[in-house]
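J.: There's a structure below that I have some questions on.
In full-length UniProt numbering, the protein residues as written are 1 to 731.
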């Protein structure tokens, strides 16, 4: 029997995403369909990857190669021209189908003019089977539901009848660069009669696509292209539906939703958007009167009315007013949100106190790292300033008594960020903290980068976010940074791309937290006191195991776990007479380790405040992909690398900046037994890797001179004095 369906996949330079798409096609339980690829002039290895995969799985296909890149609409049109089956559907190259999708489509398509199935957002765990009882199937007439094909605003995951396309010369509008789908959907609806709609079960997952108005890598020019394209698409859709009232009303509602979303007053760059596009919005808003009469928000009505009159400045003031109104309501009626509402309503430059400085380490989890050492230098050198620390638990008995503690999220928390002249943190502060022009934010960061960071990450596997959203929020978080501390030239180069930083904002001075590794490296009395505090016998050598966290290892949202891949019982049996193991988990890990039977051999020091002190007492470091290797490198002691999932980590998660197998100062092991053998031959490893340890030190650690805290402390003092001098000159 001849196949009834063709899946059309246009692609252009999609080598980093298309493998999942093609595999989802190969894994269809029902293979009774044609596969048609349109290579839109790719210059990367996309086609090679695709053809290799298809050959490995003996999947037949047709590929049309275009000489140059013509654009998505053109490529889709070419695909439609070459379809030879009664029905076809589009699959974008970064999207995927569930394994049962084609089987269900063919079972319910019949002789309908269109089959419509839902599109689901990206998921790291897409559904692979379904409950037939959950599947909803509804047949209908387009005369009764004329907008149903338009409602997803995408031609993807709609099965089209080829004869309807051919008989009516229907194509996508190639004058539109991005938002061309609506034009074809409208025309197809006007020439079709019947449909079947599926619901209740996922069939199609979007890839990690970027919202054009969130993509941090877009230039102003390309943003203009996207905005103008949307306006053109709206005009095009409006013209096509002017004689069809229900569809026309729907198009207006789509554009109204776009205006509300693209000019949401809480957006980080709303001022830029108004400045950039405000004067052009009237080309859209002047058509929205029929749907605006149903708008209940008077501020939005007024804002649109002002835009219609091209009173952009006045419209922006209304936009700001409706944003403030949200916080006024929270301040009056929402007790739990009142502290934040107060912060947003009264966060003026006049509130800043020149002598107030606030510190936070790892989101307020503890008192440690570079902020600690900067604080201790400043407190001793400049006691006249007011210092504050943010903690999640201000009653933690291990916190120092002499620092002013503020509970994270409390009214005092918002007050201090409103008032403090200087902010010092080693991790991202919440994005809702709005740094003012007369405040200074010093970001010390928390490690030399081994794994790809932020803008350099191709995929983000973190709960509650997508790659696009993660990068968008990260970008705007870094816009607040006035200074970023770098430990070496290698990091300086990476920070510029990963964090979108200008070179003149980066302080290449070494990490303040590493000062102690230089100044107390040979202080045996200090080392003995640390051992005594933890309870380690003085005669035993110390193995510090400090792995990183895996982006994809989480039990449930915001609960990160770590699967300890060590045979600790065997380690204790073979090493217990001479060694102890200090287990230091990443600060993201929430799930406690089961260390039953390991008393006296394994010590969980995950909550020990200062990891630098642990380095000082450790004879060897065992890690995997953690940046602790760079800090420990200051001591020039042996390091062993336990990378049991190296292939997965490098390929599927973040990837590395360095050559993991060539640049490390120690051997790499992939099994617990091999790691044990390495630890039993530590003296030999230290000799064999002496040159690599020195080369590693020169590349990553040689800037650390014990004075980074002093440098930052004096910079802060200088900032305070400059502001004080400026204030006095204005009196």
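For glycine and all other residues, C-beta sits at the position ideal for the given N, C-alpha and C.
(1) Flag this pair as touching only if the region 96-115 and the region 25-38 have three or more C-beta atom pairs under 8 Å; answer yes or no.
(2) Would DSSP call residue 598 helix, strand or coil?
(3) Is the separation between the beta-carbon of residue 233 and that of residue 180 shorter than 8 Å?
(4) Does DSSP put residue 6 in a helix, in a strand, or in coil?
(5) Leaving aside the five residues before and after residue 111 along the sequence, list all residues of the same chain whose C-beta is less than 7 Å from its C-beta, in chain order.
(6) Jot down the residue ranges of each uninterrupted alpha helix (DSSP H) in the region 461-530, minimum 4 residues, whole runs only, in chain order.
(7) Tell me the start and end of each unbroken beta strand (DSSP E) in the region 70-153 that is at least 3 residues and wholly inside, in chain order.
(8) Taking residue 322 as the reference, which of 432, 298, 186 has the closest Cα?
(9) Taking the beta strand (DSSP E) that residue 208 falls in, what are its first and last residues?
(10) With which residues is residue 34 paired in a DSSP beta bridge?
(11) Since residue 604 sits in a beta bridge, which residues does DSSP pair it with?
(12) Compute the beta-carbon to beta-carbon distance between residue 424 and residue 442, rounded to the nearest angstrom, for a pair I have assumed lies under 8 Å.
(13) Looking at residue 331 and residue 320, is the spacing between their C-beta atoms short of 8 Å?
(14) Tell me where the beta strand (DSSP E) around residue 65 begins and ends.
(15) Between which two residues does the alpha helix (DSSP H) holding residue 327 run?
(16) Roughly how many angstroms lie between the CA atoms of residue 513 and residue 21, to the nearest whole one?
(17) Relative to the alpha-carbon of residue 311, which residue among 124, 338, 274, 445 has its alpha-carbon at the smallest distance?
(18) Do the region 74-94 and the region 2-11 meet, that is, are 3 or more Cβ pairs less than 8 Å apart?
(19) If contacts are defined as beta-carbon pairs under 8 Å, then residue 114 and residue 159 qualify, I think. What distance do you get, rounded to the angstrom?
(20) Output the distance between the C-alpha atoms of residue 130 and residue 4, rounded to the nearest integer angstrom.
(21) So, with DSSP's three-state summary, where would you put residue 187?
(22) Return the residue from the list 662, 445, 478, 566 that minimises the CA-CA distance to residue 508.
(23) Check whether the Cβ atoms of residue 282 and residue 237 sit closer than 8 Å, and answer yes or no.
(24) On the DSSP letters alone, give me the boundaries of the alpha helix (DSSP H) that residue 360 sits inside.
(25) Considering only residues of the same chain and omitting the five flanking positions on each side of residue 328, which have a CB-CB separation below 8 Å?
(26) Between which two residues does the alpha helix (DSSP H) holding residue 194 run?
(27) Just the Cα atoms here: how many angstroms apart are residue 333 and residue 257?
(28) Express the C-alpha separation of residue 597 and residue 583 in angstroms, rounding to a whole number.
(29) Taking the alpha carbon of residue 449 as the point to measure from, which residue in 65, 496, 192, 149 has its own alpha carbon closest?
(30) Measuring alpha carbon to alpha carbon, tell me which residue in 505, 145, 539 is nearest residue 116.
(31) I need the straight-line Cα distance from residue 440 to residue 624, nearest angstrom please.
(32) Comparing alpha-carbon positions, which option in 656, 628, 536, 659 lies nearest residue 601?
(33) Name the one or two DSSP bridge partners that residue 621 has.
(34) Give me the Cβ distance between residue 314 and residue 510, rounded to the nearest whole Å; I'm assuming they're in contact under 8 Å.
T.: The relevant details are as follows:
(1) yes
(2) Indexing the chain shown from 1 puts residue 598 at position 598. Looking at residue 598 - three-state DSSP - the assignment turns out to be coil, as it is neither helix nor strand.
(3) As a first step, residue 233 must be located in the chain shown, where it is residue number 233. As a first step, residue 180 must be located in the chain shown, where it is residue number 180. Closer than 8 Å, so yes.
(4) Walking along the chain shown from the start, residue 6 turns up at place 6. Residue 6 falls in the strand class under three-state DSSP.
(5) As a first step, residue 111 is located in the chain shown; it is residue number 111 there, counting from the start. Nothing meets the Cβ criterion.
(6) 467-478, 489-498, 515-519
(7) 87-90, 114-116, 136-141
(8) Sequence index remark: in the chain shown, residue 322 carries index 322 (1-based). Of 432, 298, 186, the residue nearest in Cα terms is 298.
(9) Counting from one through the chain shown, the residue named residue 208 turns up at place 208. Per DSSP, residue 208 belongs to no beta strand (DSSP E) and is neither H nor E.
(10) Along the chain shown, one-based indexing puts residue 34 at 34. Paired residues: 6.
(11) Position 604 of the chain shown, counted from the start, is the residue given in the question as residue 604. For residue 604, which the question treats as bridged, DSSP gives the partners 583.
(12) Stepping through the chain shown from its first residue, residue 424 is reached at position 424. Stepping through the chain shown from its first residue, residue 442 is reached at position 442. Right, their Cβ atoms sit about 5 Å apart.
(13) Stepping through the chain shown from its first residue, residue 320 is reached at position 320. Stepping through the chain shown from its first residue, residue 331 is reached at position 331. Using a Cβ distance threshold of 8 Å, residue 320 and residue 331 do not count as a contacting pair.
(14) Numbered from 1 along the chain shown, position 65 holds the residue referred to as residue 65. That run of the beta strand (DSSP E) goes 62-65.
(15) In the chain shown, residue 327 corresponds to position 327, counting from 1. Per DSSP, residue 327 is one residue of the alpha helix (DSSP H) stretching across 312-333.
(16) Taking the chain shown and counting its residues from 1, the one referred to as residue 513 is at position 513. Taking the chain shown and counting its residues from 1, the one referred to as residue 21 is at position 21. Going from the Cα of residue 513 to the Cα of residue 21 covers about 45 Å.
(17) Here residue 311 corresponds to residue number 311 of the chain shown, with the count starting at 1. Considering only alpha carbons, the answer is 274.
(18) yes
(19) Residue numbering aside, residue 114 sits at position 114 when the chain shown is read from its first letter. Residue numbering aside, residue 159 sits at position 159 when the chain shown is read from its first letter. Residue 114 to residue 159, Cβ: 6 Å. Contact.
(20) For this step, residue 130 is matched to residue 130 along the chain shown. For this step, residue 4 is matched to residue 4 along the chain shown. The alpha-carbon atoms of residue 130 and residue 4 are separated by roughly 23 Å.
(21) Within the chain shown, residue 187 is the residue found at index 187, counting from 1. The three-state secondary structure of residue 187, taken from DSSP, is helix.
(22) To locate residue 508, count along the chain shown from 1; it is residue 508. For the residues 662, 445, 478, 566, the minimum Cα distance to residue 508 belongs to 445.
(23) In the chain shown, counting from the first residue as 1, residue 282 sits at position 282. In the chain shown, counting from the first residue as 1, residue 237 sits at position 237. No, these two residues do not count as a Cβ contact at 8 Å.
(24) Reading the chain shown from its first residue, position 360 is the one you call residue 360. Here residue 360 belongs to no alpha helix (DSSP H); instead the beta strand (DSSP E) covers 353-360.
(25) Here residue 328 is taken as the residue at index 328 of the chain shown, counted from 1. Cβ neighbours of residue 328 beyond the five flanking positions: 341, 345.
(26) As a first step, residue 194 must be located in the chain shown, where it is residue number 194. According to the DSSP assignment, residue 194 belongs to no alpha helix (DSSP H) but to the beta strand (DSSP E) extending over 194-199.
(27) Mapped onto the chain shown, residue 333 falls at position 333. Mapped onto the chain shown, residue 257 falls at position 257. When rounded, the distance between both Cα atoms is 28 Å.
(28) The count along the chain shown starts at 1 and reaches residue 583 at position 583. The count along the chain shown starts at 1 and reaches residue 597 at position 597. If I take the Cα positions, the gap works out to 15 Å.
(29) Against the chain shown, residue 449 aligns to sequence position 449. Answer by Cα proximity: 496.
(30) One-based indexing of the chain shown puts residue 116 at position 116. Here the closest residue by C-alpha is 145.
(31) To locate residue 440, count along the chain shown from 1; it is residue 440. To locate residue 624, count along the chain shown from 1; it is residue 624. About 35 Å.
(32) Residue 601 sits at position 601 when you count from the first residue of the chain shown. The candidate whose alpha carbon is nearest that of residue 601 is 536.
(33) Indexing the chain shown from 1 puts residue 621 at position 621. Residue 621 pairs with 544, 639.
(34) Reading the chain shown from its first residue, position 314 is the one you call residue 314. Reading the chain shown from its first residue, position 510 is the one you call residue 510. Contact between residue 314 and residue 510 is absent: CB atoms are separated by about 52 Å, not below the 8 Å threshold.
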